[in-house]
Amino acid sequence: MASLAGRSIVSIKDLSKEEILSVLGKADRLKINPEPRLLEGMVLGSCFFEPSTRTRLSFETAMSKLGGKVVGFADGAVTSAKKGETMWDSMRIIGQYVDVIAMRHPLEGAARRASEATNKPVLNGGDGANQHPTQTLLDLFTIRECQGRIDGLDIALVGDLKYGRTTHSLAQALTHFNVRLHFVAPDSLQMPDYICEELKNAGVEFHIYDKMEDVINEVDIFYLTRIQGERFPDQMEYERIKNVFRLKKEMLSDVRNNLKIMHPLPRVNELDEKIDDTSHAYYFEEAQNGLFVRQALIASVLGKI
Ligand code: CP
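Counting along the sequence shown from 1, when you hit position 126 you're at 126 in this note's numbering, and nothing is skipped either side.
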């Protein structure tokens, strides 16, 4: 297996199955045994050109808890981008100050472009509707944690599969495993054709539905996502769809005992808060796992673990 040291992770496809499992194994160890001095003297550049709570704060906490320091911004409008500096120039400069960069940007392909501007590792915290590979690593970690395995599971990806970058990365990562996928979305928000083609080529069984009720009783993981209003070209279309997809507690009466509901969060209307206290809710644990997985990934690309 090639070392992750010095490498950018822009797409989940930048990692082989072996490399993914290696990061998850390191995250397992860091969850049990914290390493408060592992990254002493190292600096993370936290460059968020788009809003974030979990991704930014878990990256920054991950670095701090490993003994490293963090510089950065939570809004591109407070940087010289506001004066017209290109993202390429900004990332080239920031890469001269820090050891590793975590970034989020509204444009698809921005993280790849940033990784070409600097020789420091760039970790993509989400680029438009394209990819969210660090979310996928924590999602795989969480699936394995709550089910004890990934192979053999029925996994539903639900909600906005068109614009939801977490579902794109996760579906691609699951081509490494022996799973059955179930895509549940309004017709206009179904999984893009290029991902379906990749799944077919990889021999992954998948099925398409337009109602949650058609699949909720048949799966082990129900991975629900928010309708991504900010990416709709037509806000009227968003208003029409946004309240249609909603998982309610009453819909859990006949589900499998081991069903876990995951969600990358934030939630808006699609996930009933009454579900939080059921044995099926696992989204808060999922968000917490982001800390350990991002610790493992930062330490890996810095060649320290
Ligand atoms: N899951 C996720 O990406 O959340 P944030 O947008 O809060 O970072």
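Beta carbons: idealized from backbone N, C-alpha and C, even for Gly.
Rounding to the nearest angstrom, what Cα-Cα distance links ASN258 and THR118 in this structure? Mapped onto the sequence shown, residue 258 falls at position 258. Mapped onto the sequence shown, residue 118 falls at position 118. Approximately 45 Å, taken between the alpha carbons.
Are ARG56 and PHE48 closer than 9 Å when you measure CB to CB? Within the sequence shown, the letter at position 56 stands for residue 56. Within the sequence shown, the letter at position 48 stands for residue 48. Contact flag set, yes.
Close-in-space but distant-in-sequence residues of the same chain around ASN269 (CB under 7 Å, 5 per side omitted): Taking the first residue of the sequence shown as 1, we reach residue 269 at position 269. Apart from the 5 residues on each side of it in sequence, ASN269 sits with its Cβ closer than 7 Å to the Cβ of LYS242, ASN243 and ARG246 in its chain, given in chain order.
The segment 186-197 in contact with the segment 249-257 per 3-pair CB rule at 8 Å: no
Between PRO133 and the ligand CP, is the CB less than 8 Å from at least one heavy atom? One-based indexing of the sequence shown puts residue 133 at position 133. No, since every heavy atom of the ligand CP falls outside the 8 Å radius drawn around the Cβ of PRO133.
Kindly list the residues whose CB is nearer than 7 Å to the CB of PHE73, restricted to its own chain and excluding five residues on each side of it in sequence; keep chain order. Within the sequence shown, numbered from 1, the residue matching residue 73 stands at position 73. For PHE73, where only same-chain residues beyond five positions count, the Cβ hits under 7 Å are CYS47, PHE48 and THR79.
Does ARG56 come out as helix, strand or coil in the three-state DSSP assignment? Working through the sequence shown from its first residue, we reach residue 56 at position 56. Reduced to three states, the DSSP call for ARG56 is helix.
Please tell me whether, using a cut-off of 8 Å, the distance from the CB of GLY126 to the nearest non-hydrogen atom of the ligand CP is below it. By one-based count along the sequence shown, residue 126 stands at place 126. GLY126 Cβ: within cutoff of the ligand CP.
Relative to the alpha-carbon of VAL293, which residue among SER3, ARG180 and LYS65 has its alpha-carbon at the smallest distance? On the sequence shown, position 293 is the one that residue 293 refers to. Selected option, being the one with the closest Cα: LYS65.
Between ARG29 and LYS248, what straight-line distance do the alpha-carbon atoms span, to the nearest angstrom? The count along the sequence shown starts at 1 and reaches residue 29 at position 29. The count along the sequence shown starts at 1 and reaches residue 248 at position 248. CA-to-CA, the gap between ARG29 and LYS248 works out to about 36 Å.
By the 10 Å Cβ neighbour count, where 16 or more other Cβ atoms means buried, how is TYR194 classified, buried or exposed? Against the sequence shown, residue 194 aligns to sequence position 194. Label assigned to TYR194: exposed.
Reducing DSSP to helix, strand and coil, say where ASP160 ends up. Counted from its first residue, the sequence shown places residue 160 at position 160. Reduced to three states, the DSSP call for ASP160 is coil.
Range of the contiguous beta strand (DSSP E) that encloses ASP127: The residue given as residue 127 occupies position 127 in the sequence shown. Here the beta strand (DSSP E) through ASP127 covers 122-127.
6 Å Cβ shell around LYS26 - same chain, five flanking residues per side excluded: Numbered from its first residue, the sequence shown carries residue 26 at position 26. Taken in chain order, the residues that qualify are ALA296 and ILE305.
At a cut-off of 8 Å, would you count ALA287 as near the ligand CP, judging by its Cβ distance to the nearest heavy atom? The residue you call residue 287 lines up with position 287 of the sequence shown. Under cutoff, so the answer is yes.
Looking at SER11 and the ligand GTP, is the gap between the Cβ and the nearest heavy atom below 8 Å? Ligands displayed in this structure: the ligand CP; the ligand GTP is not among them.
Output the distance between the C-alpha atoms of ASN178 and ARG104, rounded to the nearest integer angstrom. As a working note, residue 178 is residue 178 in the sequence shown. As a working note, residue 104 is residue 104 in the sequence shown. The alpha-carbon atoms of ASN178 and ARG104 are separated by roughly 31 Å.
Heavy atom of the ligand CP within 8 Å of LEU189 beta-carbon: For this step, residue 189 is matched to residue 189 along the sequence shown. Checking the Cβ of LEU189 against the ligand CP gives no.
Are ARG113 and SER11 close, meaning C-beta to C-beta below 9 Å? Residue 113 sits at position 113 when you count from the first residue of the sequence shown. Residue 11 sits at position 11 when you count from the first residue of the sequence shown. No, these two residues do not count as a Cβ contact at 9 Å.
In its own chain, which residues sit with a C-beta less than 7 Å from the C-beta of PHE141, not counting the 5 before and 5 after it? As a first step, residue 141 must be located in the sequence shown, where it is residue number 141. Around PHE141: LEU24, ALA27, ASN289 and VAL293.
Would you kindly work out how many angstroms separate the C-alpha atoms of PRO121 and ASP214, rounded to a whole number? For the purposes of this step, residue 121 is taken as the residue at position 121 of the sequence shown. For the purposes of this step, residue 214 is taken as the residue at position 214 of the sequence shown. Rounded to the nearest angstrom, the two C-alpha atoms are 43 Å apart.
At a threshold of 8 Å, does SER52 count as lining the ligand CP (C-beta to nearest heavy atom)? For the purposes of this step, residue 52 is taken as the residue at position 52 of the sequence shown. Yes, the ligand CP has a heavy atom inside 8 Å of this Cβ.
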